[in-house]
Each structure stands twice: as C-alpha cells, then as structure tokens.
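Residues 453 to 710 in our numbering are what the sequence shown lists, from first letter to last.
Note that the Cβ used here is the ideal one computed from N, Cα and C, for glycine as well.
If you're wondering where the values come from, they're calculated on a predicted model, not measured in any experiment.
In what follows, a single structure is set out as structure tokens and then discussed.
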Amino acid sequence: MPRALVTNDDGIDSPGLHALAAAAVQAGLEVVVAAPAEQSSGASAALTAVRREGRTVLTRREIPGLDGVEAWAVDAQPGHIVVAALNGWLDPVPEIVLSGINHGANVGRAVLHSGTVGAALTAGISDSRGLAVSLDVALHPTGERYWESATRVLPPVLDLLLDSPVGTVLSLNVPDRPAGDLGPIRHARLARGGSVQARVDEIRDGDLHLGEIDVSDEPEEGTDTALLLAGHPTLTALRSVAETDDELVEKWLADRDD
453 MPRALVTNDD GIDSPGLHAL AAAAVQAGLE VVVAAPAEQS SGASAALTAV
503 RREGRTVLTR REIPGLDGVE AWAVDAQPGH IVVAALNGWL DPVPEIVLSG
553 INHGANVGRA VLHSGTVGAA LTAGISDSRG LAVSLDVALH PTGERYWESA
603 TRVLPPVLDL LLDSPVGTVL SLNVPDRPAG DLGPIRHARL ARGGSVQARV
653 DEIRDGDLHL GEIDVSDEPE EGTDTALLLA GHPTLTALRS VAETDDELVE
703 KWLADRDD
C-alpha cells in the first residue's frame, strides 16, 4: 500500500484538505496528514516555520470522519512540512505528496507563488512525486463548494502519478461545479498569468495594501484557464527548478575570455 503525505496551504481545518485525505484513503493509500496550523496561501516553496528552542512546533490533530489517520497541525509553510516529512520526520517515508484541495484554481505562470503547488514541487526535487489539486473557486464565491467533483476525477490521476518516474509533479485543476457538469479531463499548458492578479490598491505613509482582482483578459485557447472556463478539469505536468539549455552564460564567458 503506497504511503501518501496529504498537505495544503489553506490550513489543517480546510474542508478541501479533509476531502483530499478521504479520497486518498478511499483510493487505497496509507495516508498521513500534515498541514499548516494556519492559512499559508502564497507561500510558494518557502521553508519558514515557527520554532520553539530551534524546533518546529507540531500539534496532533484528528480529521473528521478519518479515525485512525495520523494527522498533524504544523506551525510551518507547506514546503517546510514536505522537506521534513521526506527527510527523517515520517517513517516510513511517503512515496507521494498530495497537496490541496486548494480553495481556488492554481493556473498560469502564477503557480510559482502557490503554496499548494510549492509543496508538490518540493516533493519533486526531493526524489518523490507530487500532485497539486485545486478547485476553481471564484475570488468572491457564493453557494456551496463542489469538493466531491475534484475527488471524483482524482483516481485515474493518482494511478498516473504512481506509475510515473520519481520527480514527477502534476497539477490538477477542477471546475467548481457538480460532477455531472464536468467535461473530460484535458491536458493544458500554462496561461501567461493566473486567474487572479495581485494589485497594490492603497498606499499610505509607512505601509501599502496588496489586494487581488479577477483577471478579465480573454484566455488563450488550450491554456488551463480557458479549459477550466469551458468546464474541463485540466492536468499539467510541471517542471521544477532546473538549469536551461540556452547558451547565454557560455557565450558571455567566452566573449570575456577573448
């Protein structure tokens, strides 16, 4: 039975985290939950944590409806949690990291800033496999959230992840609508930006306020943003930090030597 670490950036009390953990158990995985004690959205792959005498602070928790599943609230960012879990904290070491279900889509190049995606990418550079799962919740939502729509499309993606090479990182985004209204899963490339854009909306002496607005530009065809709007869950393989193949630095050094 493969072991999975389930984490997120919305915090240990997030219903999306609980839904993902339950879906992982139902899929036959051995699950351990470790998530930030508080909201940590926008943390990317940060390794910061609250420490007491140099030690990361942990609190044992219970996940509703998942009796017997080991769960921890950690006073740390999700990237920190993943590094600890894969490097000596948890025994046996999890084979995969599942991050989410995030309250809001993680699309476009803005995934760089996501703590949900950052946890999955951290798994990828730690000789593991990572999956970020996000529900396309509006910036100012009304009504109920369809977490079950995300868990409904999860099993085949989990199979793909488990059969993939070490270092694989996938990002799954699901429309926030009833499962019966979803289209087929589609492969998607990243849009230029995200679905939400940060903007400084107030500047005063000594401080400023950074707010968020919905991106109004028409999304490019075939991108994760466009496909989500059309009702399709989207799946994107992400590459973590790596050197590029361009010759910029080599050419610059060669020119200096001449």
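Could you work out which residue in GLY576, GLU670 and ASP669 is closest to THR620 when comparing CA atoms only? GLY576
Compute the distance between the beta-carbons of ILE553 and SER586, then report whether it is under 8 Å. yes
If you check the beta carbons only, do SER580 and LEU538 fall under 8 Å apart? yes
Taking a contact to mean a Cβ-Cβ separation below 8 Å, would you say ILE548 touches LEU613 in this structure? yes
For ARG581, report the span of its beta strand (DSSP E) as first-last. 581 to 588
Under 8 Å Cβ to Cβ from SER578, same chain only, skipping five residues before and after it: list those, please. VAL534, VAL535, LEU538 and ASN539
Alpha carbon to alpha carbon, how far is VAL509 from VAL693? 28 Å
Note down, one range per segment and in chain order, each alpha helix (DSSP H) of at least 4 residues found wholly within the segment 566 to 644. 567 to 576, 599 to 604 and 606 to 614
Where the beta strand (DSSP E) containing LEU457 begins and where it ends: 455 to 459
ILE464 - containing beta strand (DSSP E), residue span: First-last for ILE464: undefined, no H or E at that position.
If we ignore side chains and look at the alpha-carbon of each, how far apart do ALA640 and THR675 end up? 5 Å
Using only CA atoms, which one of LEU680, ASP698, LYS703 and ASP669 lies nearest to ARG629? LEU680
Member of GLY560, SER493 and ASP588 whose CA lies at the smallest distance from the CA of ASP789: Examination of residue 789 is not possible in this model, given that the chain is present from 453 through 710 alone.
Just to confirm, are ASP588 and PRO627 a CB contact at a threshold of 8 Å? yes
Roughly how many angstroms separate the alpha carbons of PRO617 and GLY582, rounded to a whole number? 11 Å
Identify which residue in ALA456, ALA495, ASP707 and GLY632 has its Cα closest to the Cα of ASN558. ALA495
Status (buried if at least 16 other CB within 10 Å, exposed otherwise) for ALA476: buried
Per DSSP, which one or two residues make a beta bridge with HIS470? Answer is none; HIS470 lacks a bridge partner.
Simplified DSSP state of GLU654, which is helix, strand or coil: strand
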